[in-house]
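Q: Quick one: this structure, given as structure tokens, is what I'll be asking you about.
Numbering (this note's numbering), first residue to last: 119 to 350.
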């Protein structure tokens, strides 16, 4: 991908987020969108090599509209200031975890996992973590996972990397508060993210780096998806 052109356009839309400016620069947006979608097609092909579940996933089913939904937001800016793609075998709105790529000036990142789960599925995941602790720890406490996604418990979306966007303040009801690994029971999602430099997606080498990150997180993804899939 030519991220210089993509991020320059996104930077411009941040300063000129209105319909008139966008329509005047529609050809520029179309070129940026085409370049981005070509990169996502490459990403899907690469991920499918180690995760065959996404072999049938398309670029269209993975990418988002550039228009914002402003119906319930005080911010009426019509356009997003980022481009993102969520590569998921069951679709963008699935509970099942998948792979996410995000291009935004100063906040590009790679993420994997799921972003929210209903309480009953979270409870099932927590039960499985307690009942199969050794296998869970192999997924999240190995060197590769820690290298890309390890962080303090208070890490958030603005942190360089982390695991778990939202967390309970205390142990969930029905689970042992003094359990050694209670921090994993407090998670309300199983999203792992790693922020990257703005030039990360330049050229083609990023595909190798992306693959390494996603492979590091795939055991965790498989662990949680094996439970989530029972509900979908």
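Built from N, CA and C at the ideal position, the CB exists for glycine as well. All values reported here derive from a predicted model rather than from experimental measurement.
Where does the unbroken alpha helix (DSSP H) through residue 263 begin, and where does it stop?
A: Residue 263 sits at position 145 when you count from the first residue of the chain shown. That run of the alpha helix (DSSP H) goes 261-267.
Q: Hey, quick one: how far does the alpha helix (DSSP H) through residue 254 stretch, first residue to last?
A: On the chain shown, residue 254 is found 136 positions in, with the first residue counted as 1. First-last of the alpha helix (DSSP H) with residue 254: 251-258.
Q: How should residue 172 be labelled, buried or exposed, when 16 other C-beta atoms within 10 angstroms of its C-beta is the threshold for buried?
A: Working through the chain shown from its first residue, we reach residue 172 at position 54. Result: buried.
Q: Taking residue 165 as the reference, which of 234, 342, 148 and 329 has the closest Cα?
A: By one-based count along the chain shown, residue 165 stands at place 47. Checked all of 234, 342, 148 and 329; the closest Cα to residue 165 is 329.
Q: Counting contacts by CB-CB distance shorter than 8 Å, is residue 183 in contact with chain E?
A: Looking for chain E here will not work: only one protein chain is present.
Q: Given a threshold of 16 other Cβ atoms within 10 Å of its Cβ, counted over all protein chains shown, does residue 189 qualify as buried or as exposed?
A: Position 71 of the chain shown, counting from 1, holds the residue named residue 189. So residue 189 ends up on the exposed side.
Q: Tell me the residue span of the alpha helix (DSSP H) that contains residue 150.
A: By 1-based counting over the chain shown, the position of residue 150 is 32. Segment 144-166, the alpha helix (DSSP H) holding residue 150.
Q: Could you tell me if residue 234 is buried or exposed, where buried requires 16 or more neighbouring beta carbons within 10 angstroms of its beta carbon?
A: Locating residue 234 in the chain shown gives position 116, where the first residue counts as 1. Exposed is the call here.
Q: Which partner residues of residue 204 appear in the DSSP bridge assignment?
A: The count along the chain shown starts at 1 and reaches residue 204 at position 86. DSSP, once it has assigned bridges, lists 218 as partnering residue 204.
Q: Which same chain residues, not among the five before or five after residue 336, have their C-beta less than 8 Å away from its C-beta?
A: Walking along the chain shown from the start, residue 336 turns up at place 218. For residue 336, where only same-chain residues beyond five positions count, the Cβ hits under 8 Å are 168, 169 and 230.
Q: Just list the residues that DSSP pairs residue 313 with in beta bridges.
A: Sequence index remark: in the chain shown, residue 313 carries index 195 (1-based). Bridge partners of residue 313: 227.
Q: Do the CB positions of residue 73 and residue 180 come within less than 8 Å of each other?
A: This structure cannot speak to residue 73, because the chain is shown only from 119 to 350.
Q: Less than 8 Å between C-beta atoms, sequence neighbours within five positions excluded: which residues of the same chain meet that for residue 293?
A: As a working mapping, residue 293 is identified with position 175 in the chain shown. Excluding positions up to five away in sequence, the list reads 244, 248, 300 and 303.
Q: Is the beta carbon of residue 331 sitting closer than 8 Å to the one on residue 266?
A: Here residue 331 refers to the residue found at position 213 of the chain shown. Here residue 266 refers to the residue found at position 148 of the chain shown. In contact: residue 331 and residue 266 (Cβ atoms closer than 8 Å).
Q: Quick check: residue 313 and residue 278, are their CB atoms within less than 8 Å of each other?
A: Position 195 of the chain shown holds residue 313. Position 160 of the chain shown holds residue 278. Yes.
Q: Looking only at its chain, what residues have a beta carbon closer than 8 Å to the beta carbon of residue 348, apart from the 5 residues adjacent to it on each side?
A: The residue you call residue 348 lines up with position 230 of the chain shown. Answer for residue 348: 242, listed in chain order.
Q: With respect to the alpha helix (DSSP H) encompassing residue 127, which residues constitute its N-terminal and C-terminal limits?
A: As a working note, residue 127 is residue 9 in the chain shown. Residues 121-133.
Q: Out of 287, 298, 261 and 309, state which residue places its alpha-carbon closest to the alpha-carbon of residue 281.
A: Taking the first residue of the chain shown as position 1, residue 281 is located at position 163. Minimum Cα distance to residue 281 is reached at 309.
Q: Figure out for me which residue from 154, 205 and 133 has the closest Cα to the Cα of residue 221.
A: Against the chain shown, residue 221 aligns to sequence position 103. When each option's Cα is compared against that of residue 221, the closest is 154.
Q: Going straight from the alpha carbon of residue 160 to that of residue 259, what length do you get?
A: As a first step, residue 160 must be located in the chain shown, where it is residue number 42. As a first step, residue 259 must be located in the chain shown, where it is residue number 141. Near 30 Å, if we compare the C-alpha coordinates of residue 259 and residue 160.
Q: Under the DSSP definition of a beta bridge, which residues are partnered with residue 280?
A: To locate residue 280, count along the chain shown from 1; it is residue 162. DSSP, once it has assigned bridges, lists 311 as partnering residue 280.
Q: Which residues mark the beginning and the end of the alpha helix (DSSP H) in which residue 336 is found?
A: On the chain shown, position 218 is the one that residue 336 refers to. That run of the alpha helix (DSSP H) goes 324-346.
Q: Use the C-beta contact count for residue 105: other C-beta atoms within 10 angstroms, 16 or more gives buried, fewer gives exposed.
A: Absent from the structure is residue 105, since the part of the chain shown begins at 119 and ends at 350.
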